[in-house]
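> Residue numbers (our numbering), protein chains in the order written: chain L, 343 to 557; chain X, 343 to 557; chain Z, 343 to 557; chain G, 343 to 557.
Protein chains: 4
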Amino acid sequence: MSLWGADRYHVLMTPPEATKQRGRPRSEQSHQKVLEATARLLGSSSYDSISVERIAAEAGVGKQTIYRWWRNKAEVVLEAVLTGYVEMELVPMDDTGDLHQDLSAWMQGMLTEGFREEFIAMARSLMAAGLEGLPETAELIRQEHAWESGALMERLRRAAERDELRPGADIAAAASALIDPLLFRIVIGKPCAPAWGQALVDTVTSGIAADRPAR
Amino acid sequence: MSLWGADRYHVLMTPPEATKQRGRPRSEQSHQKVLEATARLLGSSSYDSISVERIAAEAGVGKQTIYRWWRNKAEVVLEAVLTGYVEMELVPMDDTGDLHQDLSAWMQGMLTEGFREEFIAMARSLMAAGLEGLPETAELIRQEHAWESGALMERLRRAAERDELRPGADIAAAASALIDPLLFRIVIGKPCAPAWGQALVDTVTSGIAADRPAR
Amino acid sequence: MSLWGADRYHVLMTPPEATKQRGRPRSEQSHQKVLEATARLLGSSSYDSISVERIAAEAGVGKQTIYRWWRNKAEVVLEAVLTGYVEMELVPMDDTGDLHQDLSAWMQGMLTEGFREEFIAMARSLMAAGLEGLPETAELIRQEHAWESGALMERLRRAAERDELRPGADIAAAASALIDPLLFRIVIGKPCAPAWGQALVDTVTSGIAADRPAR
Amino acid sequence: MSLWGADRYHVLMTPPEATKQRGRPRSEQSHQKVLEATARLLGSSSYDSISVERIAAEAGVGKQTIYRWWRNKAEVVLEAVLTGYVEMELVPMDDTGDLHQDLSAWMQGMLTEGFREEFIAMARSLMAAGLEGLPETAELIRQEHAWESGALMERLRRAAERDELRPGADIAAAASALIDPLLFRIVIGKPCAPAWGQALVDTVTSGIAADRPAR
DNA sequence: CAATAAGCGAGACGGTACGTCGTGTCTTCTT
DNA sequence: AAGAAGACACGACGTACCGTCTCGCTTATTG
């Protein structure tokens, strides 16, 4: 299942055109096999120790078939990661009515889930592919950085609707403040103690200032 | 000037040994020329479109001279970036006594400075080199991620000493919440509006919850 | 017009069967278009710089249509060359009754005609295709090497019938001695002076003539 | 031993320059290994079924090392063939004083030697490489077509000096008339009966001899 | 002051991967 | 059933880098 839930096929590929197509149609099976092989290899190797040739071999596919549909390795890896071929369990976001408690539980889950080897590998691959593919693939990684679209943003949105947030609170900023430090540490492999995550949740939910500045 | 101020030479290189050296000593001039050339190339090319060969040519240096002192391209780039061969102006952190105002001013400065082409290039190079050099260079990028060592942490520390922060506030978490989302966006090239930065500062300084949870 | 005069279709293709054919019959138009396109391309490119794909594109024909009727590029090229799609003017062989004079005139004609760019291209293509298609196409190029079947052999045969040749003279050997050195030089692109050709004719005719021509 | 006897290194490579050379010198061992590997492969495969990659692998050499010194496969093969890495025994040319007898013996030897599998392979490789490498390598194959430089021309020259040839006889033409038909048949794989070779010798010798041999 | 040692620029080396091209087969819709 | 279109598996091409190695040369310390 994808981190992003939705099918992201359209992000990389133009949707099937309405024009009557001539010639042999694209083999959807090959498409799948490539992404699966990529995901499999990413699980056991780093981004730049896998080659297009190995992906092709692993997928039982011709190299040209890869280059026919993707411009380079970065794009293949991005599609594999973004469309969820790299398996990943989402940390569930509860809604007990208590925002601080829900975020705390979620954060602890993320600290566990996010530092699983597979997630680290995936996050690094995403980052490496995004950086290498620049500037062509920049838009992709930008779009997909939108973790806010997930459960976290949703939970914050609900809190706002229930007037649990102070007026003017920016939920996108809050989501960023929660998730980006975590993601960063996952990518660079810096371990995070549970207390650190908790402090982050505390900070975002209640701020750090002794007296709230008047705005 | 380096982002980190201090000389980081020791991080990558064993310090000059006390033992009396035989043979021709290392040419400090070559050392400099390599780092300068690397910085120059990083300004106009991405991390993986520059090669050791190009660095050597640009520096007017033999390739072996590079490999004698660094293990691979990632290390050269890391040293060039970390020791400040990539020029960079630090955003000054004021201390007017008003934390929220000081952080706001600093954030707006960072939004300007951080999205300068050179800073983006440097940040991406750092990231790419760190990722590629794994696991050998992991420690480096982890250490250098410690932006807390800079002005931001210092300002927060002073605020804490003056009891401007609520009890139990975690300044490291706050610093992370402020800087990581910014850094992330710089690396992936996602533009940030001034309002977004402001919201981040607001969130961290005052939190988002309507009522502070009792802790 | 073909060097060999006759239609060589049968050499490569099984003759049209008598059996009642089911389905759409072979498009003779496509057949022609392929050979024409091949000849056209051979005029401007060398054998191995043209591809089946280019032939198909140039002919406006599907690639499979080519592979349905020929086994490989060598066969297509051989048929195109051998059936005379590569335009070629035969050097006429006179019969004035004077063998030495007739052969001399013919040789000078060949030296002119054979070193025309088109002939060179054709000869090289024939050679290259024959070599590449080995061993399948070996028989073809062997058969077609039989230049003896042409005007030269015919003229020699007539001379023999008129007792102009010394007893025991081998006209096939004489024909080979005349034409192979020429052909070889055409293929490898080694220029031949008129005097060289004349010397060849002199050598062979004094070797086979009943009475040595007075020179 | 080479068909041409002499070392042909200079034909393909610029001779070692007098200029003081910098950097690591060319590995003569690698040079040899490439040519040996090429010759070995040519013995068991046809010209275009061997690849540069296989040559490199067989030689235990990097592919770039081949491309550093030769422009393409054709040049490697040409050098391997022309410098005699493809083993070849020359047919000895006797000088009994009787030209017709000497040429007959030599021709019968050639018919045996030339149709040995190795010689056929070598001749075809030479031809294929020469054709493919056009026009760059054209000069090479032209030069090397100069079989006249060998024993045959030498024998004819001696005969001329002894006035065994008729006045005005062109020994180059005679040599061509003898060897090119043979070479052509070897290349295209057309078997030659001993009688055919004998007829060729008869034709040429009676053409050039001062006194016709009695037959 | 020679001998020894190690660094230097240069550039060839054995390799790995790249991205392109060509071959001959297969699969779609069209004629 | 054949044709045009074009995707497919395969594999060679020629290039670019990697990290190592060997040259002749230079610059130190040591004997």
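C-beta: ideal position from N, C-alpha, C; glycine also.
Exposed or buried, which one is K405 (chain Z) when buried takes at least 16 other CB atoms within 10 Å?
By the 10 Å Cβ count, K405 (chain Z) comes out exposed.
> Could you compute how far the alpha carbon of V529 (chain L) sits from the alpha carbon of L542 (chain L)?
For V529 (chain L) and L542 (chain L), the distance between alpha carbons rounds to 18 Å.
> How would you write the range of the alpha helix (DSSP H) that K405 (chain G) sits in, first residue to last?
Unbroken alpha helix (DSSP H) run through K405 (chain G): K405 to W411.
> If the criterion is Cβ atoms closer than 8 Å, does the pair R527 (chain X) and I513 (chain X) meet it?
No, the Cβ-Cβ distance between R527 (chain X) and I513 (chain X) is not below 8 Å.
> Which residues bound the alpha helix (DSSP H) around K532 (chain L)?
No alpha helix (DSSP H) contains K532 (chain L), which DSSP labels as neither H nor E.
> Counting contacts by CB-CB distance shorter than 8 Å, is A523 (chain L) in contact with chain X?
The sequence shown places Pro at residue 523 (chain L), rather than the Ala named in the question. So yes, P523 (chain L) belongs to the interface.
> Using a Cβ-Cβ cut-off of 6 Å (strictly less than) and excluding sequence neighbours within five positions of P533 (chain Z), which residues of its own chain qualify?
Closer than 6 Å at the Cβ level, and outside the excluded window around P533 (chain Z), lies no residue.
> I need the boundaries of the alpha helix (DSSP H) containing I397 (chain X), first residue and last residue.
Here the alpha helix (DSSP H) through I397 (chain X) covers V394 to A401.
> Assuming T547 (chain Z) and V546 (chain G) are in contact, meaning their beta carbons sit under 8 Å apart, how far apart are those beta carbons, in whole angstroms?
That belief does not hold up - the Cβ atoms of T547 (chain Z) and V546 (chain G) are roughly 11 Å apart, past 8 Å.
> When Cβ atoms are compared, which residues of the segment 467-498 of chain Z fall closer than 8 Å to chain G?
Correct list: M469, A470, G472, L473, E474, L476, P477, A480, I483, R484 and H487.
> Determine whether the Cβ of D390 (chain L) lies closer than 8 Å to any Cβ atom of chain X.
Closer than 8 Å to some Cβ of chain X, the Cβ of D390 (chain L) qualifies, so yes.
> For chain L, find out if any of its Cβ atoms is closer than 8 Å to the Cβ of S548 (chain X); answer yes or no.
Output row for S548 (chain X): interface = yes.
> What residues from chain X crowd round A519 (chain L), counting only those whose CB sits closer than 7 Å?
What A519 (chain L) touches in chain X: A519, P523, L542, T545 and V546.
> Output the boundary residues of the alpha helix (DSSP H) element that contains T380 (chain L).
Unbroken alpha helix (DSSP H) run through T380 (chain L): E370 to S386.
> The alpha helix (DSSP H) that contains M452 (chain Z), what's its start and end?
L441 to G456 is the extent of the alpha helix (DSSP H) around M452 (chain Z).
> Where do the N-terminal and C-terminal ends of the alpha helix (DSSP H) with S467 (chain G) fall, by residue?
Start and end: E459 to E474.
> Are the C-beta of I528 (chain X) and some C-beta of chain L separated by less than 8 Å?
Not one chain L Cβ lies under 8 Å of I528 (chain X).
> Going by DSSP in three states, R497 (chain G) sits in which element: helix, strand or coil?
Three-state DSSP puts R497 (chain G) in a helix.
> Please list the partners that D444 (chain L) has in chain X, where partner means a Cβ-to-Cβ separation under 8 Å.
None at all; the shortest Cβ gap to chain X is about 11 Å.
> Just reading off the alpha helix (DSSP H) that L418 (chain L) is part of, what are its end residues?
Contrary to the premise, residue 418 (chain L) reads as Val rather than Leu in this sequence. That run of the alpha helix (DSSP H) goes K415 to L424.
> Compare the C-beta of W538 (chain X) with all C-beta atoms of chain L and state if any pair is closer than 8 Å.
Taking Cβ atoms only, chain L reaches closer than 8 Å to W538 (chain X), which makes this a yes.
> Pull up the distance between the alpha-carbon of M452 (chain Z) and that of D444 (chain Z), whole angstroms please.
So the two alpha carbons sit approximately 12 Å from each other.
> Going by the beta-carbon positions, is the gap between V403 (chain G) and V376 (chain G) smaller than 8 Å?
Yes. Within cutoff.
> Mapping the DSSP letters down to three states, classify E481 (chain G) as helix, strand or coil.
In this structure, E481 (chain G) counts as helix in the three-state DSSP scheme.
> Just checking: is the beta-carbon of G439 (chain Z) within a distance shorter than 8 Å of some beta-carbon in chain G?
G439 (chain Z) does not count as touching chain G.
> Just to confirm my understanding: we take A398 (chain X), look at its own chain, exclude 5 residues before and 5 after, and list those with CB closer than 7 Å. What are they?
Counting only Cβ-Cβ distances below 7 Å, and skipping sequence neighbours, we find G404, K405 and I408.
> Tell me whether the beta-carbon of N414 (chain L) lies closer than 8 Å to the beta-carbon of G475 (chain L).
Yes. Within cutoff.
> Taking DSSP as the reference, what is the three-state secondary structure of P297 (chain X)?
Given a span of 343 to 557 for chain X in the structure shown, any question on residue 297 (chain X) remains unanswerable.
> Within this structure, are the beta carbons of A501 (chain X) and L441 (chain X) separated by less than 8 Å?
Contact: yes.
> Just checking: is the beta-carbon of L507 (chain L) within a distance shorter than 8 Å of some beta-carbon in chain X?
Interface residue, yes.
> For A416 (chain Z) versus T479 (chain Z), is the C-beta distance shorter than 8 Å?
In this structure, T479 (chain Z) lies closer than 8 Å to A416 (chain Z) by Cβ.
> Around the C-beta of P434 (chain G), are 16 or more other C-beta atoms found within 10 angstroms, so that it is buried, or is it exposed?
Answer is exposed; the Cβ neighbour count stays below 16.
> By the 10 Å Cβ neighbour count, where 16 or more other Cβ atoms means buried, how is A537 (chain G) classified, buried or exposed?
A537 (chain G) should be labelled exposed.
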